[in-house]
Ligand SMILES: NC(=O)c1ccc[n+]([C@@H]2O[C@H](COP(=O)([O-])OP(=O)(O)OC[C@H]3O[C@@H](n4cnc5c(N)ncnc54)[C@H](O)[C@@H]3O)[C@@H](O)[C@H]2O)c1
Ligand SMILES: [Zn+2]
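In our numbering, the protein residues as written are 1 to 288.
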């Protein structure tokens with residue numbers, strides 16, 4: 001960008017998926033102390049999530065997204081037609097983040113997706129409507145808390161378990177892409193909430209059934225290859241977050257559309273839950 005002698009007033013256009021959006025947005029944020037930039041997201045994940053809200057970031061050898069700036073684009077232009085060429089697996093992964101907004105605080109949207117997901121996949125009016133609703137949902141949360149001092153953390157529903165699973169599979173996209181990790185993570189967050197008697201098991205079942213219906217992975221056993229044991233998975237979780245006085249912060253739920261920030265989750269509860277949900281355990285109970 002410097003070699004091209006770009007000026008502060010020039011406009012950087014991020015045309016691509018979330019990786020391009022994050023990289024271009026970050027570069028635009030630091031070159032010449034901040035240039036104008038526009039997001040033209042081309043993946044479903046980027047249209048419903050990463051292009052909205054102004055977070056940009058790149059990975060470091062020390063971890064995911066550790067380097068970045070808050071930098072709001074001047075404009076986000078999402079052409080839903082470009083999604084026709086997106087590989088189905090990437091479309092599904094983006095769909096997980098789309099469904100996330102229903103699970104956080106829009107139960108009506110989740111119910112609508114349960115009815116209309118096939119039309120969302122097929123394209124047309126329902127797809128456009130779903131993407132618009134997702135952008136409204138994300139913009140709502142970000143407007144309340146742009147710099148994540150509180151409520152914005154709700155957008156991390158499913159991400160604590162999801163990030164741990166991504167790390168546990170060495171970020172190998174052939175085994176697990178981000179949105180798939182989020183899908184499994186959301187199902188686990190609902191199951192875990194039911195186990196803690198915060199939500200009804202029926203809600204967990206409902207979330208699992210929907211993810212299954214659209215063809216997303218929804219349990220750890222759906223990840224190809226071996227996973228590290230429950231202790232090691234907990235290790236990835238505690239590495240990912242600050243453990244304040246021995247307790248973990250999680251996004252838990254009281255049911256579909258009723259997510260909340262729980263700051264006092266004991267690691268021992270997480271560990272016993274991970275043990276109970278671990279594929280090794282399922283294998284053992286099947287062979288019995
Ligand atoms: N900044 C944020 O708030 C935020 C939020 C969520 C995710 N992210 C980041 O976004 C990234 C994931 O984004 P992603 O899922 O878009 O991944 P991606 O950018 O890697 O795109 C997925 C794949 O689809 C291809 N692709 C994109 N658009 C296409 C199209 N129209 N037709 C055919 N192929 C197309 C890409 O080349 C790539 O191979 C992660 O790095 C994640 O950290 C950022
Ligand atoms: Zn995500």
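Heads up, the beta-carbon is just placed ideally off N, CA and C, and yes, glycines get one too.
Since the structure is predicted, the reported quantities are computational estimates derived from the model, not experimental observations.
- Nearest to residue 36 by C-alpha distance, out of 144, 8 and 147, is 8.
- In the DSSP assignment, residue 14 falls within the unbroken beta strand (DSSP E) covering 11-16.
- The segment 30-67 is shown to contain no whole alpha helix (DSSP H) run of 4 or more residues.
- Annotation: residue 84 is outside any beta strand (DSSP E) and is labelled neither H nor E by DSSP.
- The Cβ atoms of residue 54 and residue 71 sit closer than 7 Å to each other.
- In this structure residue 280 is exposed. Its beta-carbon is surrounded by fewer than 16 other beta-carbon atoms within 10 angstroms.
- Taken through DSSP and simplified to helix, strand or coil, residue 160 comes out as helix.
- Burial of residue 42 is indicated by the presence of at least 16 other C-beta atoms within 10 angstroms of its C-beta.
- Closer than 6 Å to some heavy atom of ligand 2: that does not describe the Cβ of residue 19.
- Going by C-alpha positions, residue 59 is about 6 Å away from residue 67.
- In terms of side-chain proximity, the C-beta atom of residue 182 is found nearer than 6 Å to a non-hydrogen atom of ligand 2.
- Counting the other CB atoms within 10 Å of its CB gives residue 172 a total below 16, which places it among the exposed residues.
- In this chain, the alpha helix (DSSP H) harbouring residue 140 covers 125-144.
- Considering only 230, 104 and 79, the residue with the shortest C-alpha distance to residue 158 is 104.
- Within the segment 183-217, the runs of alpha helix (DSSP H) at least 4 residues long that lie entirely inside it are, in chain order, 201-214.
- For residue 119, the enclosing alpha helix (DSSP H) covers residues 107-122.
- Judged by the Cβ position, residue 45 qualifies as a neighbour of ligand 1 at the 6 Å threshold, a heavy atom of the ligand being closer than this.
- Here residue 174 is actually not in contact with residue 220; their C-beta atoms are around 17 Å apart, not less than 8 Å.
- The continuous beta strand (DSSP E) containing residue 259 extends over residues 259-265.
- Annotation: the continuous beta strand (DSSP E) that includes residue 253 extends over 248-253.
- Within 6 Å of the C-beta of residue 229 there is not a single heavy atom belonging to ligand 1.
- Taking the Cα positions, residue 252 is about 34 Å away from residue 15.
- Of the heavy atoms belonging to ligand 1, none sits nearer than 6 Å to the Cβ of residue 202.
- Here DSSP, grouped into helix, strand and coil, assigns residue 273 to helix.
- A distance of 7 Å or more separates the beta carbons of residue 202 and residue 190.
- Shortest gap from the CB of residue 80 to any heavy atom of ligand 1: 6 Å or more.
- Residue 76 sits in a strand when the DSSP states are folded into three classes.
- Cβ atoms of residue 262 and residue 249 come within 8 Å of each other, at about 7 Å.
- The C-beta of residue 50 has 16 or more other C-beta atoms within 10 Å across all chains shown, which makes the residue buried.
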